[in-house]
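In what follows, a single structure is set out as structure tokens and then discussed.
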Amino acid sequence: MVHAPAGDADWPAEEINSASPPVLSAFRPHPDRAAAISEAHARPSMPIDTPSVVYSLAFGTADETAVDAIHVAAFGEAQDGFARHVMRVVGPLTIKFERHTEFVALTVLSGEGADAGEAPLRRLRAMRPEGLTLLVALRAFVVEKPAPPYSPLDIGGCLRGEIEVSSSFRPNGDGYIDVQFAVGDVGRAQLGRRVQRVLEAETYRTMALIGLPMARRISAELSMLEGELAEITTALTEGTGHDQAILDKIQTLSAKTEAMRARTRYRFSASRAYATLVEERLDSLGEAKMGERSTLTGFLRTRLAPAVRTIVSSEQRQSELSASVERALSLLRARVDVSLDRGNQEILSSMNERQYRQLILSEAVESLSVIAISYYLLGILRYPAKALIDLGIIPVSETIALGLMAPFVAVGVFAILRLLRRRWLPDNTD
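The letter at position 25 of the sequence shown is residue 13 when you use my numbering, and the numbering goes up by one with no holes.
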């Protein structure tokens, strides 16, 4: 047991010398400790001045070469190791590089207009990297109040901190979805956090909706598999079809179902996770309604919720189909077990019948054996009987003597055979 010291005076001077190595240096750190600490500071917001333009793009990357291309286009140099988050000031631009699980995000903040902020994207286009797919392209204009006139198609409200946000959430001719932030008396750090949350909400919403086309594509396949399951269940209910043929159909159906689940499991679970992130970002905005326009929060939620429900519904249909296939297999197994039991009962009945017939036959053979053995035994007794008659000991003829002995011989043979059988079958009580 280790006891705490009563005071520094109880310890050697070299143990408390301020020049000695730090106390924690004696402990071996957990291999993931640094990653856990850095994750809390991994996504800092960029302080934003007014006016500014913010480009926020998300790319799907098929290999590490495409990720390197984004890093080179952003910072002019290749990656240093496997950095997940990098934010640097490059000339008049503030650039942030973020590596996520299935996409890479690039954010460019420009205080010198849209043309300067698009420079890293032009460099990336010139590199023409393979395996790079565009997922999200947002362009945010941060302006001072009063806000320019809104389009009839614009939606948005007032965020916490008196920041008016508006967007049509439709790509323009350049392919960007433009978002406008009209700012009053707001600090640049707070403004950066609000803008980042809006851009992240739209990015995560897009990532969540990627699962919707897959859910729609597998709907027809699910309906077909459910129809096959209905046919199998009908055959089991009505008792039609050969068991082996039904088993083959169930195995094929189970394989198709599990293959579909394996193909969609990650995408659907990722969509649900991204939808949760969208809700968190929208909750943090504290958006208030402005006039008759729909709020950004309401717009995103009403468009996202049905899609997520469709994805969840597809997941549930797959799970229920898999469970139903298992139940159909259990029903077939029960049907086979009943058939086997019936067959075993028939076999046992047949064996009992054969045993009974063998018993009758053995008793008949036993009776014949008594007659045969008695006949041969009387043939042997004929000689001593004739000798006794010739000596005058037996005063009857040979025929009479043998006739009188025949019943006693037969009874004796029968008794001896019964005794032998009882010895062979000790449990037979007859």
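A virtual CB, placed ideally from N, CA and C, is assigned to each residue, including glycine.
Terminal residues of the continuous beta strand (DSSP E) containing residue i?
i	result
Q432	Absent from the structure is residue 432, since the part of the chain shown begins at -11 and ends at 418.
T82	L81 to R87
R281	Note, R281: premise wrong, no beta strand (DSSP E); not H, not E.
R158	I151 to P159
M75	H73 to V78
V100	Checking the sequence shown, residue 100 turns out to be Glu, not Val. From DSSP, E100 is part of no beta strand (DSSP E); its letter is neither H nor E.
D162	No beta strand (DSSP E) holds D162; DSSP gives it neither H nor E.
V42	S40 to T49
F129	L120 to E132
Ordered along the chain, which non-local residues of its own chain (more than five positions away) have a Cβ less than 7 Å from that of residue i?
i	result
A263	A196, L292 and V296
T417	Unreliable placement is indicated for T417, whose pLDDT of 47 sits below 50; the coordinate value is still reported in the next sentence. Excluding residues within five positions, none has a Cβ falling inside 7 Å.
V324	D231
L407	none
Beta-carbon within less than 8 Å of residue i's beta-carbon, same chain only, minus the 5 sequence neighbours each way: which residues are those?
i	result
A369	Residue 369 is actually Leu in this sequence, not Ala. Hits under 8 Å: L390, M393 and V397.
E246	S310
L224	I234, A316, L319, L320 and R323
I327	The question names Ile, but residue 327 is Ser in the sequence shown. Contacts found: D231.
I388	none
S385	I377
G64	V78
G145	E152, V153, E275, A276, K277, M278, R281, T283, L284 and T285
What are the start and end residues of the alpha helix (DSSP H) that includes residue i?
i	result
F256	D231 to L273
S207	G199 to E226
L112	A107 to M115
Of the choices the options, whose alpha-carbon is the least far from that of residue i?
i	options	result
S155	L179, D173, P136 and L405	P136
A128	D162, S40, R205 and P80	S40
P140	R281, Q346, Y371 and Q333	R281
V358	G400, V186 and A114	G400
L428	V300, R345 and L273	Lying before the first or after the last residue shown, residue 428 is absent from the chain, which here runs from -11 to 418.
G199	Q333, S257 and D51	S257
R421	F169, T82, F85 and A57	Summary: the structure shown does not reach residue 421, with the chain confined to residues -11 through 418, and so no result is reported for it.
R181	R148, L122 and R193	R148
R260	R21, R249 and V300	V300
E90	A102, A54 and A203	A54
D103	A189, P80 and P134	P80
P35	L336, G64, M75 and R249	M75
R409	R205, L347 and L217	L347
P395	S207, A375, G161 and L366	L366
D162	R330, G144 and E106	E106
I165	G144, F402, L126 and G175	L126
P294	A203, R411 and L187	A203
G279	A352, D142, K374 and R251	D142
R251	G229, I206 and E214	I206
Assign residue i to buried or exposed, taking buried as 16 or more other Cβ atoms, counted over all protein chains shown, within 10 Å of its Cβ.
i	result
H59	buried
S98	buried
L284	buried
A66	exposed
V77	exposed
T191	buried
P108	buried
K277	exposed
E314	exposed
T82	buried
L179	buried
F47	buried
V167	buried
T240	exposed
E334	exposed
V183	buried
H25	Looking at the sequence provided, one finds Ile at residue 25 rather than His. By the 10 Å Cβ count, I25 comes out exposed.
L12	exposed
L187	buried
What whole-angstrom Cβ distance do residue i and residue j have, given they're in contact under 8 Å?
i	j	result
A61	R111	4 Å
K237	I220	5 Å
V266	R193	5 Å
R113	R185	That belief does not hold up - the Cβ atoms of R113 and R185 are roughly 28 Å apart, past 8 Å.
E150	D173	7 Å
L217	Q306	Contact flag wrong, Cβ pair sits at about 12 Å.
Excluding five sequence neighbours on each side, which residues of the same chain lie with their C-beta closer than 6 Å to the C-beta of residue i?
i	result
T38	V130, E132 and V171
E303	F256
T95	S44 and K84
I404	none
A50	G119
E100	P80
R16	none
S33	G180, R181 and Q184
Is residue i near the ligand FMN, in the sense that its beta carbon is under 8 Å from a heavy atom of that ligand?
i	result
E216	Of ligands this structure carries none, so the ligand FMN is not represented either.
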